[in-house]
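What follows is a short report on a single structure.
Below, the structure written as structure tokens:
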């Protein structure tokens, strides 16, 4: 079967529809275009051939069987909120949307687990868990609009990771479909399980390159205690970063975030919260431990010892939530300033002050605005490069700064991506993290799952 | 090169010595025999051809290159404290001991990590971390005599898992040698890292079938607070199990263990601690949370509400340690009663009462003594079958009970192994956990690491 020319294209669409009926298959170019990108505007994207809107595991199986037989690439997606181009179209691919597979199948307070389809929004699961007095911890900033399937595929992080770990720490079991259409289950409801290799953990973060997730069993926690919250403004980035290292190494916190002056100013312009835009950095800490108030008092002392100019604290949950709005608005506020290129790097915690110094120096060197915010307690920063134009020259300068930031993180013993994934945006940097033997091994593992290489080829690994 | 007959054997040993010199290579049959078993006396073991006592990564590389070229199986071992026969010899294999690679290379309070060779004892690392005010959490019962390499290879558990997770949750990075002698690094010092697939987690628990661990970077925690401790004696196993489920689902505990009457009686006979041997079960709980004393008070109330006949509690750390001795002596105490066949199963937590009922019924049905103890808060039990003889008939009855226990755990939604591993003892049960597609996939992943199948073939997967 050859697939060139308009007739061949028509016959491709017809055969796909025939293979999948009654599952909706879109081939309208405008629709395809609108599904061909995630939220990484500067990551490369190709032209898709069709969009399958799967409604069930059977639809996923049928799509993969069809594609595998013909060697057609399949890019799986749900909400498309990814930040590394992992869900971007590949030329000639089938886009396989699992967004409509959005049922919460079960929440079980006994085992403290929930079974969900991949298209369930993170916030919908969290709300359902909360209704039953339970807590779904993983909290990527996108949680209101991103799905559990995408969260698992990227091993999404969030502010909770400092205490509660990443998405993968909360996945008990998966049902997936392999490239040839074989259904497979991994994991267990038992809290501990060492039967066989840990395929669940291998699939988490594999960005659609190994299999398509069709069901996930996630762990829920008991509802956390009310948190105590602190906001501290610092004269210099260095003192803020040092205070963060001091707090993280002595205190039991559930959140420890940073925003630099550029970010604080952008948020203040958006929200009029009366933030101190003359400070070089804002640090936000929370504890939900049994001694939360005492922990936050310790943080207050440490911030003052590191020359914080102003400290606000509260033991009230609602007030704490209001203070967190400043952090939640960081990215939308920066996006109002121009085109943005969002980076995501993580360094070992003691390297945080040096990393923040280097980002500032990179901004200066390239005459660029870089707003830096992130999960500082984990050493995970999101330097966001803001530039006015969308022309090639502007982009080139932005990418040069992006490049410098990624390399600085690796030089400091860190990683090219803390939580957003590699996707298509960072694939060229994998060589900074992995040697030739590791990359060759990843290729062999990929082939063990997907011998024809149809699943999101050219991404992530 | 053929390897049969005495001359060929001599030439094999000579070529191995020549390839490895000056690394010690043993071929004395008595020495080989003493290194041919771990601590699972009833798991099958073969006859090894040589023992290599590796002193460095270079020795491991040379051993694997030699073995891979000739297709000779390699069984890696360190202290040999495994409980599933994972380190048992295979006929004609090279035993590769990494016990002498026992240096703690670095403890870094800044990143809260330690870099160790695989032969470092768990307790030695924990002690060194403690000297620096830090805490290595994974605490398998064998920690005084088992190594970090073995702990990682089996993803060892322990009592800490309830709060702190399994060994794999504390491994940041690995250096391993692949079957062909290639050295490879995985992981990162950053707290969050999503670059590439999670090879670190895939290697954890792979029981020597994928690669040989030559260095591990593990995460350390801040030293925990002093724990509060509770011991409660119950009239019936069911009420004890129900109390455990109630405590686990409401209270922030760091340890929640159970021992049945058989185990308590054996421990009392050994220790004369004045334990109540007329009770059907003893439950031990600890909390090291900021509100530990309050948490233990809640547990006390819950135990009394579930008809505990006697409750002892203390907020004193030293007293708590003394009370824990009862639990630590469980296995040695049972081993004094006869030959033991130690099982290791885990069930979803709500199934704990039913699992304990079933174990009692299995003991009755087979007219056997079964002492059950374990990490009840995780649903992880170690029913220990005690039988007088070592003859075939006695063993057959013991294995029939073992079989019933494993199947009961799986029927209740649990796993064939919570923390001891599959090794050779439980390989026949893998089919209860994994379907044909999963097993085929494990085989393909194994081949991606070890195409000639020399690493611990016939074990674990």
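Protein chains in written order, with this note's numbering: chain W, 14 to 474; chain U, 14 to 474. No residue lacks a Cβ here, since even glycine has one placed at the ideal position from N, Cα and C.
8 Å contact criterion, which residue i and residue j should meet: CB distance rounded
{"i": "residue 467 of chain W", "j": "residue 81 of chain W", "result": "6 Å"}
{"i": "residue 356 of chain W", "j": "residue 271 of chain W", "result": "The Cβ separation is near 15 Å, so there is no contact."}
{"i": "residue 197 of chain U", "j": "residue 448 of chain W", "result": "7 Å"}
{"i": "residue 220 of chain W", "j": "residue 130 of chain W", "result": "About 19 Å; that fails the 8 Å criterion."}
{"i": "residue 124 of chain U", "j": "residue 366 of chain W", "result": "At roughly 14 Å, the Cβ-Cβ gap does not stay under 8 Å, so residue 124 of chain U and residue 366 of chain W are not in contact."}
{"i": "residue 70 of chain W", "j": "residue 190 of chain W", "result": "7 Å"}
{"i": "residue 455 of chain U", "j": "residue 209 of chain W", "result": "6 Å"}
{"i": "residue 383 of chain W", "j": "residue 389 of chain W", "result": "No, residue 383 of chain W and residue 389 of chain W are not in contact; Cβ-Cβ is about 16 Å, not under 8 Å."}
{"i": "residue 432 of chain U", "j": "residue 169 of chain U", "result": "6 Å"}
{"i": "residue 111 of chain U", "j": "residue 91 of chain U", "result": "5 Å"}
DSSP-derived helix/strand/coil call for residue i
{"i": "residue 473 of chain U", "result": "coil"}
{"i": "residue 426 of chain U", "result": "coil"}
{"i": "residue 328 of chain W", "result": "coil"}
{"i": "residue 246 of chain W", "result": "strand"}
{"i": "residue 63 of chain U", "result": "strand"}
{"i": "residue 201 of chain U", "result": "coil"}
{"i": "residue 334 of chain W", "result": "helix"}
{"i": "residue 459 of chain U", "result": "helix"}
{"i": "residue 48 of chain U", "result": "coil"}
{"i": "residue 432 of chain W", "result": "coil"}
{"i": "residue 378 of chain U", "result": "helix"}
{"i": "residue 41 of chain W", "result": "coil"}
{"i": "residue 225 of chain U", "result": "strand"}
{"i": "residue 93 of chain W", "result": "coil"}
{"i": "residue 216 of chain W", "result": "helix"}
{"i": "residue 68 of chain W", "result": "coil"}
{"i": "residue 349 of chain W", "result": "coil"}
{"i": "residue 438 of chain W", "result": "coil"}
{"i": "residue 211 of chain U", "result": "coil"}
{"i": "residue 53 of chain W", "result": "coil"}
Burial state of residue i (16 or more Cβ within 10 Å)
{"i": "residue 434 of chain W", "result": "buried"}
{"i": "residue 402 of chain W", "result": "exposed"}
{"i": "residue 234 of chain U", "result": "exposed"}
{"i": "residue 335 of chain W", "result": "exposed"}
{"i": "residue 27 of chain W", "result": "exposed"}
{"i": "residue 331 of chain U", "result": "exposed"}
{"i": "residue 218 of chain U", "result": "buried"}
{"i": "residue 345 of chain U", "result": "exposed"}
{"i": "residue 46 of chain W", "result": "exposed"}
{"i": "residue 258 of chain U", "result": "buried"}
{"i": "residue 43 of chain W", "result": "exposed"}
{"i": "residue 35 of chain U", "result": "exposed"}
{"i": "residue 263 of chain W", "result": "exposed"}
{"i": "residue 118 of chain U", "result": "exposed"}
{"i": "residue 320 of chain W", "result": "exposed"}
{"i": "residue 154 of chain W", "result": "buried"}
{"i": "residue 282 of chain U", "result": "exposed"}
{"i": "residue 464 of chain U", "result": "exposed"}
{"i": "residue 214 of chain W", "result": "buried"}
{"i": "residue 285 of chain W", "result": "exposed"}
Residues that residue i bridges to, as DSSP identifies them
{"i": "residue 393 of chain W", "result": "W:359 and W:388"}
{"i": "residue 232 of chain U", "result": "U:126"}
{"i": "residue 468 of chain W", "result": "W:87"}
{"i": "residue 77 of chain W", "result": "None, per the DSSP bridge assignment."}
{"i": "residue 196 of chain U", "result": "U:190"}
{"i": "residue 241 of chain U", "result": "U:300"}
{"i": "residue 354 of chain U", "result": "U:398"}
{"i": "residue 323 of chain U", "result": "U:246"}
{"i": "residue 383 of chain U", "result": "U:398"}
Alpha helix (DSSP H) runs wholly inside the segment 101 to 162 of chain W, at least 4 long, in chain order: 135 to 144
What are the complete beta strand (DSSP E) segments, minimum 3 residues, inside the segment 251 to 320 of chain U? The segment 251 to 320 of chain U contains these whole beta strand (DSSP E) runs: 268 to 273 and 294 to 300.
Report the residue ranges of all alpha helix (DSSP H) runs contained in full by the segment 168 to 194 of chain W; include only those spanning at least 4 residues, in chain order. 174 to 177
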